[in-house]
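First residue of the sequence shown: 1, per the UniProt record's numbering; consecutive thereafter. These notes concern the structure reproduced below.
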Amino acid sequence: MMGSEENESRLYKITTSQQAFCSCCGAVITSVLVTPLDVVKVRLQAQSNPSLKGKSFLDSDGLTDHVYLYENGTGKTWNKTCGRFTGMKDAFVKIAQREGIKGLWSGLPPSLAVSVPTTVIYFTCYDQLRDAFVSKLEDNDYIPLIAGGIARLCSATIISPVEMIRTRMQSQRLTYKQLLACISSSITKNGWLSLWKGWGPTVLRDVPFSALYWYNYESFKKTLCKEADIHEPTVLITFSSGAAAGCIAATLTLPFDVVKTHKQTELWETDITQSSQKSAPLWRIMKRIVAENGFTGLFTGIIPRLTKIAPACAIMISTYEYGKSFFHKLNKNQEMKNH
Numbered sequence: 001m002m003g004s005e006e007n008e009s010r011l012y013k014i015t016t017s018q019q020a021f022c023s024c025c026g027a028v029i030t031s032v033l034v035t036p037l038d039v040v041k042v043r044l045q046a047q048s049n050p051s052l053k054g055k056s057f058l059d060s061d062g063l064t065d066h067v068y069l070y071e072n073g074t075g076k077t078w079n080k081t082c083g084r085f086t087g088m089k090d091a092f093v094k095i096a097q098r099e100g101i102k103g104l105w106s107g108l109p110p111s112l113a114v115s116v117p118t119t120v121i122y123f124t125c126y127d128q129l130r131d132a133f134v135s136k137l138e139d140n141d142y143i144p145l146i147a148g149g150i151a152r153l154c155s156a157t158i159i160s161p162v163e164m165i166r167t168r169m170q171s172q173r174l175t176y177k178q179l180l181a182c183i184s185s186s187i188t189k190n191g192w193l194s195l196w197k198g199w200g201p202t203v204l205r206d207v208p209f210s211a212l213y214w215y216n217y218e219s220f221k222k223t224l225c226k227e228a229d230i231h232e233p234t235v236l237i238t239f240s241s242g243a244a245a246g247c248i249a250a251t252l253t254l255p256f257d258v259v260k261t262h263k264q265t266e267l268w269e270t271d272i273t274q275s276s277q278k279s280a281p282l283w284r285i286m287k288r289i290v291a292e293n294g295f296t297g298l299f300t301g302i303i304p305r306l307t308k309i310a311p312a313c314a315i316m317i318s319t320y321e322y323g324k325s326f327f328h329k330l331n332k333n334q335e336m337k338n339h
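Quick look at the structure:
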């Protein structure tokens with residue numbers, strides 16, 4: 001958008017609180033729509049790999065990490081209530097029939113507790129940085145790349161302690177009292193920086209992902225708008241641009257995601273066993289993966305990652321952009337009424 005349209009956009013730009021509201025709505029809608037896919041995928045994975053029982057793992061949708069725990073088979077677990085699944089469709093039907101529709105959204109509340117504040121900080125920070133850079137540097141194709149990386153760095157740093165608490169609580173199934181005692185002990189023993197445990201692997205994956213995502217998203221959006229000869233992107237344009245950008249970023253940063261998963265697993269096992277042994281550095285983990293599985297080992301799980309990230313990114317960005325467009329028109333109408 002150039003010329004008079006650009007000036008109009010700046011004149012009636014939405015407020016920070018409106019940006020935060022849009023990103024909050026986007027995070028909730030994305031989590032609600034994508035969670036059933038996660039639940040089904042986790043059940044199928046646990047069924048096909050018995051060694052995963054009782055273990056927890058992280059799964060990312062490009063916005064935030066979600067923690068899942070594979071049941072250990074004791075008690076009335078979902079493995080027993082639903083039996084075996086023959087595929088994704090069968091899993092959807094059996095879970096809905098035997099656990100109720102709410103079974104497809106198990107784990108949603110704790111995910112929202114982290115995804116909402118993370119997304120609000122991330123998207124609002126990105127827009128603020130992008131506008132600031134544009135006002136100083138004019139229109140530069142690399143502004144989204146820089147703003148996206150910095151925005152993700154900020155959100156990851158701010159949310160990291162909350163994320164650590166959430167993952168520990170879910171993976172170890174601690175009560176609030178046990179959790180507070182565990183955190184207090186960790187701070188006493190290792191200092192306040194222990195609250196940012198796992199920050200390094202997260203930033204290593206998420207900052208490049210975000211930089212690539214925003215760079216490609218803005219490029220695709222601009223190209224599609226130009227071809228359609230329109231100044232404001234439609235929902236279809238933002239949806240398809242978000243999905244395509246998410247796929248590219250997810251593919252190029254998959255090695256970092258694989259390494260982060262291995263690193264996070266080691267950190268959790270160290271916490272659970274109270275071991276004093278330090279987890280291996282990131283470069284050594286990457287070297288070990290290549291030695292054991294070859295270079296392709298760094299791209300393990302690319303299909304599940306793409307099937308998760310593409311819709312999540314598409315839903316989130318199209319919802320966010322639609323909300324911004326709504327508030328932009330609202331602000332414009334109010335301004336015109338005042339004059």
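Beta carbons: idealized from backbone N, C-alpha and C, even for Gly.
- Task: Have a look at Ile-237 and Cys-225 and give me their C-alpha separation to the nearest angstrom.
- Result: Rounded to the nearest angstrom, the two C-alpha atoms are 8 Å apart.
- Message: Just to confirm the assignment, what range does the alpha helix (DSSP H) spanning Leu-204 have?
- Response: 199-228 is the extent of the alpha helix (DSSP H) around Leu-204.
- Task: Can you have a look at Gly-100 and say buried or exposed, based on whether 16 or more other CB atoms are within 10 angstroms of its CB?
- Result: So Gly-100 ends up on the exposed side.
- Message: My output table needs one value for His-328: the three-state DSSP class, helix, strand or coil.
- Response: Helix, per DSSP.
- Query: Within 10 angstroms of its Cβ, does residue 342 collect 16 or more other Cβ (buried), or is it exposed?
  - Reply: The question about residue 342 has no answer, for the chain in this structure spans 1 to 339.
- Best match in Thr-16, Ala-96, Thr-119 for proximity to Leu-37 [C-alpha to C-alpha]: When only C-alpha atoms are compared, the closest one is Ala-96.
- Query: Buried or exposed: which applies to Arg-205, given that a residue is buried once 16 or more other Cβ atoms fall within 10 Å of its Cβ?
  - Reply: Around the CB of Arg-205, 16 or more other CB atoms lie within 10 Å, so the residue is classed as buried.
- Item | Cβ pair count under 8 Å reaching 3, the region 238-257 against the region 309-325 | With a cut-off of 8 Å, the region 309-325 and the region 238-257 count as touching, because enough Cβ pairs lie within range.
- Item | Buried or exposed (CB count within 10 angstroms, at least 16 for buried), Trp-283 | Exposed, since its Cβ has fewer than 16 Cβ neighbours within 10 Å.
- Same chain, Cβ closer than 7 Å to Val-258, neighbours up to 5 away in sequence not counted: Ile-289, Leu-298, Thr-300, listed in sequence order.
- Query: Looking only at its own chain, which residues have a Cβ that is under 7 Å from the Cβ of Arg-130, when we skip the five neighbours before and after it?
  - Reply: Cβ within range, chain order: Ile-143, Pro-144, Ala-147.
- Message: Within the continuous alpha helix (DSSP H) that includes Glu-99, where are the two ends?
- Response: In the DSSP annotation of this structure, the continuous segment of the alpha helix (DSSP H) that includes Glu-99 starts and ends at 88-99.
- With DSSP run on the structure shown, which of helix, strand or coil describes Gly-103? Here Gly-103 sits in helix by DSSP.
- Message: By the three-class DSSP mapping on this structure, what secondary structure does Phe-133 have?
- Response: Residue state, collapsed to three classes: helix.
- Message: Less than 8 Å between the C-beta atoms of Ser-14 and Asn-331, yes or no?
- Response: Looking at the sequence provided, one finds Ile at residue 14 rather than Ser. Their beta carbons are under 8 Å apart, which means Ile-14 touches Asn-331 by this criterion.
- So is Ala-96 in contact with chain B if we call contact Cβ pairs under 8 Å? Considering every chain present, this structure includes no chain B. It has just one protein chain.
- Query: Within this structure, are the beta carbons of Val-207 and Gly-294 separated by less than 8 Å?
  - Reply: No, these two residues do not count as a Cβ contact at 8 Å.
- Item | Contact set for Val-120: own chain, Cβ-Cβ below 8 Å, skip 5 residues either direction | Result list for Val-120: Ala-20, Ser-23, Cys-24, Ala-27, in chain order.
- Query: How is Arg-305 classed by DSSP in three states: helix, strand or coil?
  - Reply: Reduced to three states, the DSSP call for Arg-305 is helix.
- Can Glu-163 and Val-114 be called in contact, C-beta distance under 8 Å? With respect to the 8 Å criterion, Glu-163 and Val-114 are classified as neighbours on the basis of their beta carbons.
- Message: Applying the 10 Å Cβ sphere with the 16-neighbour rule, what's the burial state of Gly-323?
- Response: Sixteen is the threshold: when 16 or more other Cβ atoms of the shown chains lie within 10 Å of the Cβ of Gly-323, as they do, the residue is buried.
- Where Tyr-126 falls: helix, strand or coil (DSSP): Three-state result, Tyr-126: helix.
- Task: Kindly give me the distance between the Cβ atoms of Phe-327 and Gln-18, rounded to whole angstroms, as I take these residues to be in contact under 8 Å.
- Result: The Cβ separation is near 4 Å, so the contact holds.
- What separation, rounded to the nearest whole angstrom, lies between the Cα atoms of Lys-80 and Ser-155? The predicted model places Lys-80 with a pLDDT of 49, which falls under 50 and marks its position as unreliable, so this point remains unresolved.
- Task: Could you spell out where the alpha helix (DSSP H) holding Phe-299 opens and where it closes?
- Result: Unbroken run through Phe-299: none, as it is neither H nor E.
- Task: Kindly indicate which three-state DSSP category Arg-152 falls into: helix, strand or coil?
- Result: Of the three classes helix, strand and coil, the one that applies to Arg-152 here is helix, per DSSP.
- N- and C-terminal bounds of the alpha helix (DSSP H) containing Phe-239: Secondary structure note for Phe-239: its alpha helix (DSSP H) is the uninterrupted segment 235-252.
- For Leu-254, count neighbouring Cβ atoms within 10 angstroms of its own Cβ and tell me buried if that reaches 16, exposed if not. With at least 16 other beta carbons inside 10 angstroms of its own, Leu-254 counts as buried.
- Message: Taking the alpha-carbon of Ile-187 as reference, which of Pro-161, Ala-211, Gly-200 has the nearest alpha-carbon?
- Response: Taking only the C-alpha atoms, the option nearest Ile-187 is Pro-161.
- Rounded to the nearest angstrom, how far is the Cβ of Thr-157 from that of Trp-192, given a contact under 8 Å? Contact annotation, Thr-157 with Trp-192: C-beta distance approximately 13 Å; criterion of less than 8 Å not satisfied.
- Is the Cβ-Cβ distance between Leu-108 and Ser-31 less than 8 Å? Yes.
- I think Lys-260 touches Thr-202, with their Cβ atoms under 8 Å apart; what is that distance to the nearest whole Å? Lys-260 to Thr-202, Cβ: 7 Å. Contact.
- Message: Looking at Leu-44: is its Cβ nearer than 8 Å to the Cβ of Phe-92?
- Response: No; because the gap between Cβ atoms is not below 8 Å, this pair is not in contact.
- Item | residue 349 vs Val-34 beta-carbon contact at 8 Å | Absent from the structure is residue 349, since the part of the chain shown begins at 1 and ends at 339.
- Query: Going by C-alpha distance, which of Ala-132, Lys-222, Leu-137 is nearest Ala-151?
  - Reply: Scanning Ala-132, Lys-222, Leu-137 for the CA closest to the CA of Ala-151 turns up Ala-132.
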